[in-house]
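Student: After the structure tokens below, expect a handful of questions from me.
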Amino acid sequence: MSRLLSISEAEVVEMTRVLRSRVVTDVVTQVQDMLNQLDSATLNIAVTGETGSGKSSFVNAFCGVAADAPGAARTGVTETTLEATAYSHPRIPRVTLWDLPGIGTPAFQPETYLEHVGLLQYDFFIIIAAGRFKEHHVQLARAITEAGKRFYFIWNKVDNDLDASFRRRSSKGVTEADVLGQIREGCEGNLRRAGLQDANVFLLSCFQLQSFDFPRLQATVVRELESHKRHVFLLSLPNLSSAVVEEKKMALRGAVWRRAIEACLTTVTTSDGCRGAVPLLMTILTSYQRSFGLDSESLQQLATLTGNSYQVLQKNVHSTTGQELSEMKVQAMLNEIAATQQTVASYLEERVPVLGTVASSGVVFAASFYLLTSALNDLSQDATRVMNVALGLSVTG
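Residue numbers for the sequence shown, in full-length UniProt numbering: 1 to 397.
See the structure below:
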């Protein structure tokens, strides 16, 4: 029945439930409330650890900014963080990483540390260690657990550990997996002996974030966060694997029908037809670009971090919706799609009758749904191409 019918039966059922439950004026409020819950979700991530462990480097790597970029977390071998410092994610400002004062210094008192840094404002803690496992790591992990918060234990600078281990070993046959296994077992054993049986340990290098355990850290946090916070966390992740890109697409795809209804409802009080939905759709498409790291600022940051040319990365953005947007361009795309969606609009009116009352023949909804769905497919493909080139996994064609 037309390309648009990639809309699932479950989505039709959910639309029907929502739209039939209210008169048109209440539909606006109900749909907007759903979107507000999604759009207003915030995530506060506390990053703590000892001086020199790489807390600030982790913040910068997660946010995808160079250490010398404006607004980056200060890095150094001495303690540069004396108070909790907030760093908003450059693409997803609702995600904030907090660089906390270092532990293990004379000023560190495990009994009062969490109160001092404001325990309750954080959704979870990242504890970063490097070089040696120390008692204050256990003290902090136990205090966080007792306070009812979740932590993820990161052993950082594992690339340095590998180099040092291979320099020290004269015997042959020792593999990277052997060394990593020993480090992981040592950390997990120390935490278990402290009564932290279910502690998660991740081995990382902030200068090789695509390697080692960062993908596993991503997957673990996504699995354990509640729905709206999971959504915003996913959108903030750096594109380091095709799996992450696909998860971002699916997270955004879950709200497409709501976005399309929102666009449809913007035309209720106007006689502009599809034209009345263009400003909102342009805003949504621009947010999609940022989520996939395809806006100009994100591409420039990625080029700086990976040593690539911005022009080379931008060249791999092939889709129309990945390019610079204008209302005229969005209007043209929407008009082209709307011309083919009358059959789909009639089908949806039969299944969800209120659509016919909120916009002429449901065409605005049908066209908006198709435009946003197609954009997500195209942008995810662009993001994968850009990622592969940036990480040296493929060459430009």
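We treat Cβ as the ideally placed atom computed from N, Cα and C, and that holds for glycine.
Rounded C-beta distance between Asp213 and Leu203? I'm assuming under 8 Å.
Tutor: With a Cβ gap of about 5 Å, Asp213 and Leu203 count as contacting.
Student: For His137, collect the residues of the same chain with a Cβ closer than 6 Å to its Cβ; drop the 5 residues on either side in sequence, then sort them by chain order.
Tutor: Same-chain partners within the cutoff: Ala129.
Student: I believe Ala383 touches Leu294 by the beta-carbon criterion, under 8 Å. Please report the beta-carbon distance rounded to the nearest angstrom.
Tutor: Contact holds; Cβ gap of about 6 Å.
Student: Suppose you measure from the CA of Cys187 to the CA of Phe133; what does that come to, to the nearest Å?
Tutor: About 7 Å.
Student: Tell me which residues share the same chain as Gln37 and place their Cβ nearer than 7 Å to its Cβ, disregarding the 5 neighbours each side in the sequence.
Tutor: Around Gln37: His228.
Student: According to DSSP, is Val23 helix, strand or coil?
Tutor: Confidence in Val23 is poor, its pLDDT being 49 and thus under 50, which makes the residue's placement too unreliable to answer from.
Student: Could you pull out every residue in the same chain whose Cβ sits closer than 6 Å to the Cβ of Arg3, ignoring the five residues on either side in sequence?
Tutor: Because the pLDDT at Arg3 is just 47, under 50, the model does not fix this residue reliably, and the point stays unresolved.
Student: What runs of the beta strand (DSSP E), each 3 residues or longer, lie entirely inside the stretch 141-203?
Tutor: Here the runs fully enclosed are 150-155 and 201-203.
Student: Using only CA atoms, which one of Glu176, Ile144, Leu281 and Asn388 lies nearest to residue 398?
Tutor: Look at the range of the chain in this structure, 1 to 397, and you will see that residue 398 is not part of it.
Student: Alpha carbon to alpha carbon, how far is Ser296 from Phe108?
Tutor: So the alpha carbons of these two residues sit roughly 42 Å apart.
Student: Take every Cβ of the stretch 100-119, pair it with every Cβ of the stretch 159-169, and state whether three or more of those distances are shorter than 8 Å.
Tutor: No, the stretch 100-119 is not in contact with the stretch 159-169.
Student: Is DSSP giving Glu11 helix, strand or coil here?
Tutor: Helix.
Student: Starting from Phe369 and walking both ways along the beta strand (DSSP E), at which residues does that stretch end?
Tutor: Looking at the DSSP string, Phe369 is not in any beta strand (DSSP E); the run it does join, the alpha helix (DSSP H), is Val363 to Ala390.
Student: May I ask which residues mark the beginning and end of the beta strand (DSSP E) holding Ser88?
Tutor: Ser88 -> beta strand (DSSP E) spans Thr85 to Ser88.
Student: Taking C-alpha atoms, which residue in Tyr310, Val222 and Leu252 lies nearest to Tyr152?
Tutor: Comparing Cα-Cα distances from Tyr152 to each of Tyr310, Val222 and Leu252, the minimum goes to Val222.
Student: So, for Val256: in the same chain, excluding its five sequence neighbours on each side, which residues have a beta-carbon less than 8 Å away from its beta-carbon?
Tutor: Closer than 8 Å at the Cβ level, and outside the excluded window around Val256, lie Phe369, Leu372, Thr373 and Leu376.
Student: By DSSP's criteria, Thr96 is part of a beta bridge. Which residues make up the other side?
Tutor: Answer by DSSP bridge pairing, in chain order: Asn44 and Ser88.
Student: By Cβ distance below 7 Å, which residues in the same chain neighbour residue 403 in space, the five residues on each side in sequence not counted?
Tutor: Coverage of the chain is limited to positions 1 through 397, which leaves residue 403 absent and any answer about it impossible.
Student: Tell me the rounded alpha-carbon separation between Gly322 and Ser205.
Tutor: Computed Cα separation, rounded: 31 Å.
Student: Ordered along the chain, which non-local residues of its own chain (more than five positions away) have a Cβ less than 6 Å from that of Val317?
Tutor: Correct list, in chain order: Leu294 and Asp382.
Student: In the structure shown, what three-state DSSP assignment does Ala61 receive?
Tutor: Residue state, collapsed to three classes: helix.
Student: Taking 8 Å as the threshold (C-beta atoms), are Thr266 and Leu280 in contact?
Tutor: Contact flag set, yes.
Student: Pro238 and Leu209: beta carbons closer than 8 Å?
Tutor: Yes, these two residues count as a Cβ contact at 8 Å.
Student: Go ahead and label Arg192 buried or exposed: buried means 16 or more other beta carbons lie within 10 angstroms of its beta carbon, across all protein chains shown.
Tutor: Exposed, because fewer than 16 other Cβ atoms sit within 10 Å of the Cβ of Arg192.
Student: Let's test the definition: count the other Cβ atoms within 10 Å of the Cβ of Arg385 and tell me whether it reaches 16, buried, or not, exposed.
Tutor: With 16 or more Cβ atoms within 10 Å of its Cβ, Arg385 is classed as buried.
Student: Less than 8 Å between the C-beta atoms of Lys157 and Gly54, yes or no?
Tutor: Yes, the Cβ-Cβ distance between Lys157 and Gly54 is below 8 Å.
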